[in-house]
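**Q** So the sequences go chain by chain: U and D.
Just so you know, my numbering puts the end of the first sequence at 1346, numbered straight through with nothing missing.
Just so you know, my numbering puts the end of the second sequence at 1346, numbered straight through with nothing missing.
Even for Gly, the Cβ is constructed at its ideal location relative to N, Cα and C.
All values derive from a computational prediction rather than experimental measurement.
Mind looking over this structure? Questions follow.
2 protein chains.
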Amino acid sequence: MLKALENKILKEGIVLNEEVLKVGSFLNQQLDPSFIMEMGDEIARIYNDEKITKILTIETSGIPIAFAAGTKLNCPIVFAKKTASSNVSGNVYKSSVYSFTHNKTYEIIVPCEYINKNDRVLIIDDFLANGKALLGLIEIVKQADAHLVGCTCAIEKGFQKGGDSLREQGFRIESLAIIDEMSPAGITFRCN
Amino acid sequence: MLKALENKILKEGIVLNEEVLKVGSFLNQQLDPSFIMEMGDEIARIYNDEKITKILTIETSGIPIAFAAGTKLNCPIVFAKKTASSNVSGNVYKSSVYSFTHNKTYEIIVPCEYINKNDRVLIIDDFLANGKALLGLIEIVKQADAHLVGCTCAIEKGFQKGGDSLREQGFRIESLAIIDEMSPAGITFRCN
């Protein structure tokens, strides 16, 4: 756990209701670069011995954290796009993700040339709630026949069980902060 | 101009036709963090004396470059979102951008709390072609009544005239590489 992130959430996060935490001031719409680099440092510390060759994330809010970790782990970042762009051509890995936030299923794609079976992949995202986005990214790593080292999210909503379910399936899930309970009255973080 | 960027474009860029340059290997889908940090260094060098208080960019591909520049200029980055998300509430600045790539007009929004009249804003994006995205971002800076210091794009398609038109209107536009001509046979960069 990254104590500085818990403090930042307590200071700047806005709990809109028991499911939605707004962290637009430093993570989702405004970015605090020195703080996000601190998250990158922590991710690099966790996976330092894992010889990560590629970080996989998903647009949009996962990108800055993945980028910060990539500067520290010294490896390229690949981000899955949520819809096919006219500039994407050739063979792609593809999977589907259901978004509770937007109440729709979207396709995510990564061109095959950017991940291959020799890669040791770390998946990074901003939020982990029900785990659907991570499952979509894990599916892409499987399609690439690459080795999945683990997944790190900045903020895990522990009460939504996506993270715990993935841990039970044997995946290494390291979140920088895990919220076990939240309401406009307060936030309870999971202890180490 | 950043010679290293011109070299990277020559080495890894793929000219699909006379209008479309694919730089997915280091800028648009896979990110080379140390190279993007080099772009951030160059942007910080250009605007070093301008007391930038905020960098404004637009999702998705502008974010890593803006982030790299923000770590060097030591200021927050705000990114305009392309559609209203259910997590965005309250007052927003809003403008419209026509995308030739996707042949549609989309709305871009920035919550008012992230830019105000005391800000000295630097706009950053990945590509500058017809200038529509920059115009949308400039409109947001105007709505905030903030001071626009200038705009920097990584790659300007000089032959599409968006950058030159903005320069003629008095805006400071500093691109890291300007392509005056391109075809599958080769790329000609504008000289300093």
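1) Would you mind working out which of D:Asn1228, D:Pro1218, D:Met1193 and D:Asp1195 sits nearest Lys1205 (chain D), comparing C-alpha positions?
2) Are the beta-carbon atoms of Val1264 (chain D) and His1301 (chain D) separated by less than 8 Å?
3) When the Cα of Glu1172 (chain U) is compared with those of U:Pro1338, U:Lys1157 and U:Val1295, which residue comes out closest?
4) Check whether the segment 1193-1211 of chain D and the segment 1241-1257 of chain D touch, using three or more Cβ-Cβ pairs below 8 Å as the test.
5) To which residues of the same chain is Tyr1268 (chain D) closer than 7 Å at the C-beta, ignoring the five residues directly before and after it?
6) With 8 Å as the threshold, decide whether the Cβ of Phe1313 (chain D) is near any Cβ in chain U.
7) Residues in the segment 1178-1199 of chain U with C-beta within 9 Å of chain D's C-beta atoms, listed in sequence order?
8) Given that a residue counts as buried once 16 or more other Cβ atoms are within 10 Å of its Cβ, and exposed if not, what is Leu1164 (chain D)?
9) Consult DSSP for Met1155 (chain D) and reduce its assignment to one of helix, strand or coil.
10) Counting only beta-carbon separations shorter than 8 Å, does Glu1213 (chain D) have a partner in chain U?
11) Can you list, in chain order, the residues of its chain whose CB lies under 6 Å from that of Ala1220 (chain U), leaving out five sequence neighbours each side?
12) Whose CA, out of D:Arg1344, D:Thr1214, D:Leu1291 and D:Thr1237, lies closest to the CA of Lys1315 (chain D)?
13) Let's test the definition: count the other Cβ atoms within 10 Å of the Cβ of Lys1162 (chain U) and tell me whether it reaches 16, buried, or not, exposed.
14) Please report whether the beta-carbon of Ile1217 (chain D) lies at a distance below 8 Å from any beta-carbon of chain U.
15) Where Ala1234 (chain U) and Gln1183 (chain D) are concerned, what is the direct C-alpha to C-alpha distance, given to the nearest angstrom?
16) Quick one: list the residues of chain D neighbouring Tyr1268 (chain U), beta-carbon separation under 7 Å, in chain order.
17) How would you call Thr1214 (chain U), buried or exposed, if buried means at least 16 neighbouring beta carbons within 10 angstroms?
18) In three-state DSSP terms, what is Asp1273 (chain D)?
19) Among D:Gly1167, D:Ser1249 and D:Ile1294, which residue has its Cα nearest to the Cα of Asp1273 (chain D)?
20) Could you check whether the Cβ of Thr1306 (chain D) sits closer than 8 Å to any Cβ belonging to chain U?
21) Per DSSP, what are the beta-bridge partners of Tyr1201 (chain D) in this structure?
22) Within 8 Å of any Cβ in chain D, is that where the Cβ of Val1232 (chain U) sits?
23) What do you get for Asp1334 (chain D), buried or exposed, if any count of 16 or more other CB atoms within 10 angstroms of its CB means buried?
**A** The relevant details are as follows:
1) D:Asn1228
2) For Val1264 (chain D) and His1301 (chain D), no; Cβs fall outside 8 Å.
3) U:Pro1338
4) no
5) Val1232
6) For Phe1313 (chain D), the answer is no, since every Cβ of chain U falls outside 8 Å of its Cβ.
7) Gly1178, Ser1179, Phe1180, Asn1182, Gln1183, Gln1184, Leu1185, Asp1186, Pro1187, Ser1188, Ile1190 and Met1191
8) exposed
9) coil
10) yes
11) Ile1209, Thr1211, Ile1231 and Ile1278
12) D:Arg1344
13) Sixteen is the threshold: when 16 or more other Cβ atoms of the shown chains lie within 10 Å of the Cβ of Lys1162 (chain U), as they do, the residue is buried.
14) Yes, contact with chain U.
15) Approximately 7 Å, taken between the alpha carbons.
16) Gln1183 and Gln1184
17) With 16 or more Cβ atoms within 10 Å of its Cβ, Thr1214 (chain U) is classed as buried.
18) coil
19) D:Ile1294
20) False, the Cβ-Cβ gap to chain U never drops below 8 Å.
21) Its beta-bridge partners do not exist; DSSP assigns none.
22) yes
23) exposed
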